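*Asks:* This note's numbering applies: residue 239 is where the sequence shown begins, and numbers increase by one. Think of the CB as a built atom: it goes at the ideal place given N, C-alpha and C, for glycine as much as any other residue. The model shown is predicted, which means the values in this text are computed figures rather than measured ones. Structure in structure tokens, see below.
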Amino acid sequence: MKGSIFIAFAALAVATGLPVHAQTQDQVMAFLDKDNDGKVSLNEYLTFEVTKLKQADADGDGALSLGEFKTTLNGQAKANASRLFDTFNIEDDRKNLTQREFLGYQAFVFKTYIDTDHDGFMSGDEWAKVMKSLGQ
């Protein structure tokens, strides 16, 4: 899962034009915190993740095949892509992850690995801890 988190923040780096290691807590929070309340809600995080889905959707069908989903992952998460795909692929069409399924996976990552104090938000300190755990 750490790989998924790294990919999320690497995608953030691409979106802001900064290398991951060059981003400060303030830069990340300013980019993601759309309501300027000093913290990133799950909704704000998922709004960012929608852009990642669109970037990975190579065939433009609005859903991710296993191969497309795998491109959004890194490290151990990439090695577990098939299992993650199957776990979160719960709607009728089991061939692709819909936007809702992809965002369900991202909500899981947020709640499990990012929001470590479980208050429903990502703080700058939580972002820093994630980056430190990833060696950034």
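From which residue to which residue does the alpha helix (DSSP H) around G305 run?
*Replies:* Taking the first residue of the sequence shown as 1, we reach residue 305 at position 67. Taken as a continuous stretch (DSSP letters only), the alpha helix (DSSP H) holding G305 covers L304 to K308.
*Asks:* Using alpha carbons as the reference points, say which of L304, D363, D275 and N281 lies closest to A317.
*Replies:* Here residue 317 refers to the residue found at position 79 when the sequence shown is read from its first residue. Answer by Cα proximity: L304.
*Asks:* Given 8 Å as the limit, is there contact between the region 356-370 and the region 330-339, that is, 3 or more CB pairs closer than that?
*Replies:* Cβ pair count under 8 Å is below three, so no.
*Asks:* Taking the alpha-carbon positions, what's the Q265 to K308 distance?
*Replies:* Translated into the one-based positions of the sequence shown, residue 265 becomes position 27. Translated into the one-based positions of the sequence shown, residue 308 becomes position 70. Cα-Cα distance, rounded: 28 Å.
*Asks:* Relative to the alpha-carbon of K349, which residue among L322, A315, N281 and G298 has its alpha-carbon at the smallest distance?
*Replies:* Here the question's residue 349 lines up with position 111 in the sequence shown. Minimum Cα distance to K349 is reached at N281.
*Asks:* Quick check for students: name the residue ranges of the alpha helix (DSSP H) that lie wholly in the region 298-373, counting only runs of 4 or more.
*Replies:* You should have 304-308, 313-317, 319-326, 337-347 and 362-371.
*Asks:* Grab me the residues of A366's own chain with a C-beta within less than 8 Å of its C-beta, minus the 5 sequence neighbours each way, in chain order.
*Replies:* The residue labelled residue 366 in the question sits at position 128 within the sequence shown. Around A366: Q263.
*Asks:* Keeping to the same chain, check which residues put their C-beta closer than 8 Å to that of L379; ignore five residues upstream and five downstream.
*Replies:* Here the chain has residues from 239 to 374 only, and residue 379 is not among them.
*Asks:* Following the continuous alpha helix (DSSP H) through N281, name the residue where it begins and the one where it ends.
*Replies:* Here residue 281 refers to the residue found at position 43 when the sequence shown is read from its first residue. It spans L280 to A294 - the alpha helix (DSSP H) in which N281 sits, taken as one unbroken run.
*Asks:* Taking 8 Å as the threshold (C-beta atoms), are E306 and A315 in contact?
*Replies:* For the purposes of this step, residue 315 is taken as residue 77 along the sequence shown, with counting starting at 1. For the purposes of this step, residue 306 is taken as residue 68 along the sequence shown, with counting starting at 1. For A315 and E306, no; Cβs fall outside 8 Å.
*Asks:* Rounded to whole angstroms, how far is the Cβ of K380 from the Cβ of T310, which I believe are closer than 8 Å?
*Replies:* What is shown of the chain runs 239 to 374, which leaves residue 380 out entirely.
*Asks:* For D271, which of helix, strand or coil comes out of DSSP?
*Replies:* Within the sequence shown, residue 271 is the residue found at index 33, counting from 1. Coil, per DSSP.
*Asks:* Please classify I352 as buried or exposed, where buried requires at least 16 neighbouring CB atoms within 10 angstroms.
*Replies:* Within the sequence shown, the letter at position 114 stands for residue 352. Buried, because 16 or more other Cβ atoms sit within 10 Å of the Cβ of I352.
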